[in-house]
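Take a look at the structure set out below.
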Amino acid sequence: MKNLFSLAACLFVVTALGVSGAYCSGGPRPAPLPKAKTIKELADRYDSSKCIECHEEAHEQWENSLHSHSILGSPRTAPTILTAIDKGLKRFPFSGVKDDKDITVESLMICAKCHLPQLDEATDDVAQEIVATIRAWQKAGKEGNEDLYEELEEKISSLNIGCMVCHNKMAIIHKWSDGYPQRDTVYGSQDGEHEYEDLPKIAKAPALSESIFCGQCHGLGPNFELEHPSQCGTLYGSYLYAYVAHGGFETCQECHMNKSGLGHDMQAYNDEDMIKMALDIKVEARSLFWRKNKAEGVIPMGIIMVDLYNKAGHVIPDG
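In structure tokens form, the structure reads like this:
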């Protein structure tokens, strides 16, 4: 039995390795672009507005999603980044960060790995500008400077998980077998020509419709590839070990995009539609009178029973 299991496992691995290259249209690793030196330069590189003309519905959905303001968040993310710096990086004796001017792309990747993966295409000046902008935005809010507050919030929101982050930069997972994303290509469900001068090609990237694609950010737990692993997104781990392992088979995309009807309007546990899909709540209550003691006598009392059943394919909440 042990030998049979080992043979089956080997066949599975060989099959997975053997067929993976048949499904993606990647290519050689492209030469790196010059590093972006400002927030604007990085935002322009991944600006999704160029997609509106042909993909208006998807763009409108995306604009309402958390992905469209992934650094700002709900807006809980931006202040949390500052907390990670002030209570984490600056207190770690070997982080090299004692002041905001010491912040680098590498040190900010404990957050940006998922909230802004394209930050690896920028200089350390951009990492420092992001932090300075968030601090200025918070200050403007506290001082009631509404115009400046909105201006800075828009600047922060210009850094996001846009179309080309998913449909190009992160589209191919197994790059050694399937190739690297090519700069002239939009990746999706088909091959063909694309009616846009700067991106003339469309190519298949089947991972885009699979949960493993989302797992790149909504991950397994600690990011062990970082110098200082951080525990944040664990949804893909929960999905694999508590859902798929018990017979679940639906993908992230099937629930969050198709069944929900939200498409590219990615929402989380604070959205009413997602709550209805994910949770069954049963509440039972009854009132009674209880004789507590001689001094206090009979007092009214309520008993409330709440049953909360998780129907989602993962823990709730999580990153």
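The working numbering puts the first residue of the sequence shown at 1, with every later residue one more than the last.
We put the beta carbon where it would ideally sit given N, CA and C, even for glycine.
- If only uninterrupted beta strand (DSSP E) runs of at least 3 residues are considered, those enclosed by the stretch 155-215 are 185-188, 201-204.
- In the displayed model, M109 falls within a helix according to three-state DSSP.
- Between the alpha carbons of M305 and E284 lies a gap of roughly 5 Å.
- For G247, the three-state secondary structure derived from DSSP is coil.
- In terms of Cβ geometry, D273 and L262 form a close pair [threshold 8 Å].
- By the C-beta criterion, the stretch 198-205 is judged not to be in contact with the stretch 218-227, since fewer than 3 inter-stretch pairs fall below 8 Å.
- Annotation: P317 is outside any alpha helix (DSSP H) and is labelled neither H nor E by DSSP.
- Taking 4 residues as the shortest admissible run, the stretch 75-138 contains the following complete alpha helix (DSSP H) segments, listed from N- to C-terminal end: 77-83, 105-115.
- Sequence-distant Cβ neighbours of L119 in its own chain, meaning closer than 6 Å and more than five residues away, are V105, A112.
- At the C-beta level, L159 and L116 come within 8 Å of one another.
- Secondary structure within the stretch 259-319: the beta strand (DSSP E) runs of 3 or more consecutive residues, fully enclosed, are 279-293, 297-310 (chain order).
- A distance of 8 Å or more separates the beta carbons of C214 and Y180.
- Non-local C-beta neighbours of G248 in its own chain, meaning closer than 7 Å and more than five positions away in sequence, comprise G313, ordered along the chain.
- Taking the Cα positions, T185 is about 49 Å away from K282.
- Excluding sequence positions up to five before and after S70, its CB lies within less than 6 Å of the CB of H115, N160, I161, all in the same chain and listed in chain order.
- Note on geometry: alpha-carbon atoms of Y309 and S238 lie some 16 Å from one another.
- The three-state reading of DSSP puts A31 in coil, since its state is none of H, G, I, E or B.
- By DSSP's assignment, A140 forms no beta bridge with any residue.
- For G237, the enclosing alpha helix (DSSP H) starts and ends at 235-238.
- About 20 Å separates the beta carbon of Q61 from that of H194, a gap too long to meet the 8 Å contact definition.
- Only residues of its own chain outside the window of five on either side were considered, and among them G221, P222 have a CB closer than 8 Å to the CB of Q231, listed in chain order.
- Annotation: H256 is outside any alpha helix (DSSP H) and is labelled neither H nor E by DSSP.
- Measuring C-alpha to C-alpha distances from Q128 to each of S211, I81, R29 identifies I81 as the nearest.
- The count of Cβ pairs closer than 8 Å, one atom from the stretch 78-95 and one from the stretch 124-138, reaches three, so the stretches are in contact.
- L288 sits exposed, since fewer than 16 C-beta atoms from the chains shown fall within 10 Å of its C-beta.
- Annotation: C51 to S189 spans about 17 Å, alpha carbon to alpha carbon.
- The alpha-carbon separation between P93 and T234 amounts to approximately 27 Å.
- About 6 Å separates the Cβ atoms of L33 and E121, confirming a contact at the 8 Å cut-off.
- T251 and E210 do touch by the CB rule: their CB atoms are close to 6 Å apart, below 8 Å.
- Bounds of the alpha helix (DSSP H) holding K40 are 39-45.
- Rounded to the nearest whole angstrom, the C-alpha separation of L89 and D124 is 15 Å.
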